[in-house]
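In what follows, a single structure is set out as C-alpha cells and then discussed.
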Amino acid sequence: MDANDPTTYDAIIVGGSYAGIAAALQLARARRRVLVIDEGVRRNRFASHSHGFLGQDGRPPGDIAAEARDQLMRYPTVTWRTGRAEDAARTAEGVRITDSNGIAHRGRRLLLAVGVIDELPAIPGLKERWGRSVFHCPYCHGYELMQGRIGVVAVSGQSMHHALMLPDWGPTTLLLNGAFVPDADQSAHLARRGVAVETSPVTGIGGDAAEVALDDGRVLPFAGLFVLPKSRIASPLAAQLGCATEDGPLGTHIRVDAMQETSVPGVFACGDAARAAGSVALAVGAGTMAGTALHRSLLFCEDEALFARP
Numbered sequence: 001m002d003a004n005d006p007t008t009y010d011a012i013i014v015g016g017s018y019a020g021i022a023a024a025l026q027l028a029r030a031r032r033r034v035l036v037i038d039e040g041v042r043r044n045r046f047a048s049h050s051h052g053f054l055g056q057d058g059r060p061p062g063d064i065a066a067e068a069r070d071q072l073m074r075y076p077t078v079t080w081r082t083g084r085a086e087d088a089a090r091t092a093e094g095v096r097i098t099d100s101n102g103i104a105h106r107g108r109r110l111l112l113a114v115g116v117i118d119e120l121p122a123i124p125g126l127k128e129r130w131g132r133s134v135f136h137c138p139y140c141h142g143y144e145l146m147q148g149r150i151g152v153v154a155v156s157g158q159s160m161h162h163a164l165m166l167p168d169w170g171p172t173t174l175l176l177n178g179a180f181v182p183d184a185d186q187s188a189h190l191a192r193r194g195v196a197v198e199t200s201p202v203t204g205i206g207g208d209a210a211e212v213a214l215d216d217g218r219v220l221p222f223a224g225l226f227v228l229p230k231s232r233i234a235s236p237l238a239a240q241l242g243c244a245t246e247d248g249p250l251g252t253h254i255r256v257d258a259m260q261e262t263s264v265p266g267v268f269a270c271g272d273a274a275r276a277a278g279s280v281a282l283a284v285g286a287g288t289m290a291g292t293a294l295h296r297s298l299l300f301c302e303d304e305a306l307f308a309r310p
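Quick note: the sequence shown, position 161, residue 161 per this note's numbering, numbers continuous.
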C-alpha cells in the first residue's frame, strides 16, 4: 500500500515497537487498513538481550522487534512509514497526523504507542553502561547477574522499592548518593532484607561491569547496578489532543481505561507511555488489548464524528 494514498485509514498507530506492532497485528487480522508511523527508537535498544517474554527469553530485543515487523507486513492492509509523527489534530472524520516530512495522514482512530524517554542520573559512566550493566527491571535482567553483588543507585525514596526487591537476585547494597535518608522503619526493613547501606556519594562508574567510585575514595565492584530513572512521554501528540495524563513517582503517563482508551474518544494508548511500569511482555499485552478494543470501537460506535465533540 502507498502511504500517500488519500484514503482514510481505519487506524493510525504512532509507534512501531512491541506495543504498536501487537496492536497493529490485531487490526490487520481483522482486515482493517492500518498505518504505522515509527521513528525506530526503541526504549530497550541499549540492551543486548531481552528476558521474561514467553517464547522469546534471551533473544536480542532488536531481533524480536524485526521479526514481529516482518510478520506484520505480510498482511496487505498494513502500511509502514518510517519517520516521526509531529502533529495531531482532530477532524470530523477522526484524526489527522502530520509527519516530519510534512505529509498528512487521516485516520478514523488513533493509537499512541509512542514510548518514553528515560532521564538518567548525571553520574559519570552510568549512561555508557545503561542496558549493559546498569538496569531498571530486576525481572528483565536480575537473573543473568548470577547472584553476584548488586548495587542500587538511589534517585529518591522510591529507590527503596528496588533495594527491598533485589536481594532475591543477589547480595544488595543501597547507594544513597544523597538522594534520601531512610527513616527508622525503612532502615529496619532494609536490615531484615539483608540490604547494606552506603552513605558516601557516588562520583563515577567504571570497569567492564560496574565499579562504583565513592567520594571517600573507595571503589566498590558490583555485578550490576539498578536505578529508577525518571521518564517522560516521547511525543507531544497526546498533549496536542488533550489526552489526560497521570503523574507518578517516576514520571507522567497517558491515562487510559481498562480498554486502553484515553480520555479523548477514539484515541487509544498502550505501552510504556500509558503505564507506570514497562517490559516487553507487558507492552505486547497492552498492545493486544488496545488493538482489539480499537477494532470493537469501529464496529459498534454509531457516531463517527467522535473527534468533533467539544
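Note that the Cβ used here is the ideal one computed from N, Cα and C, for glycine as well.
{"Asked": "Sequence-distant residues of the same chain with beta carbon closer than 7 angstroms to L175, five excluded per side", "Found": "G151, V152, V153, A154, E198, V202, V212"}
{"Asked": "Extent of the continuous alpha helix (DSSP H) run through F300", "Found": "280-300"}
{"Asked": "Helix, strand or coil at I13 [DSSP, three-state]", "Found": "strand"}
{"Asked": "8 angstroms contact criterion, which A281 and G15 should meet: CB distance rounded", "Found": "Rounded, the Cβ-Cβ distance is 17 angstroms, inconsistent with contact."}
{"Asked": "Own chain partners of G178 with C-beta closer than 7 angstroms, once the 5 adjacent residues on each side are dropped", "Found": "P201"}
{"Asked": "DSSP state of H105 mapped onto helix, strand, coil", "Found": "strand"}
{"Asked": "Close beta carbons around Q56, own chain, < 8 angstroms, minus the five adjacent residues each side", "Found": "S50, I64, V280"}
{"Asked": "Simplified DSSP state of I21, which is helix, strand or coil", "Found": "helix"}
{"Asked": "Pairwise C-alpha distance: R33 and T79", "Found": "8 angstroms"}
{"Asked": "Inter-stretch contact at 8 angstroms, needing at least 3 Cβ pairs: the stretch 288-300 / the stretch 254-269", "Found": "yes"}
{"Asked": "Same chain only: Cβ atoms within 7 angstroms of I254, ignoring 5 sequence neighbours per side", "Found": "L112, I233, A238, C243, T245, T262, A269, A273, A274"}
{"Asked": "Buried/exposed call for V41, threshold 16 Cβ in 10 Å", "Found": "exposed"}
{"Asked": "Where A273 falls: helix, strand or coil (DSSP)", "Found": "helix"}
{"Asked": "Close beta carbons around Q158, own chain, < 6 angstroms, minus the five adjacent residues each side", "Found": "L228, P249"}
{"Asked": "With 16 other Cβ atoms within 10 Å as the buried cut-off, status of M259", "Found": "exposed"}
{"Asked": "Reference P182; option with closest CA among S156, I37, T98", "Found": "S156"}
{"Asked": "Run of the alpha helix (DSSP H) containing A68, from where it starts to where it stops", "Found": "61-72"}
{"Asked": "Run of the beta strand (DSSP E) containing S200, from where it starts to where it stops", "Found": "S200 -> no beta strand (DSSP E), and no H or E assigned at all."}
{"Asked": "Where the alpha helix (DSSP H) through P121 begins and ends", "Found": "No alpha helix (DSSP H) holds P121; DSSP gives it neither H nor E."}
{"Asked": "Proximity to A191 [Cα-Cα], best of D216, L164, E93, G204", "Found": "L164"}
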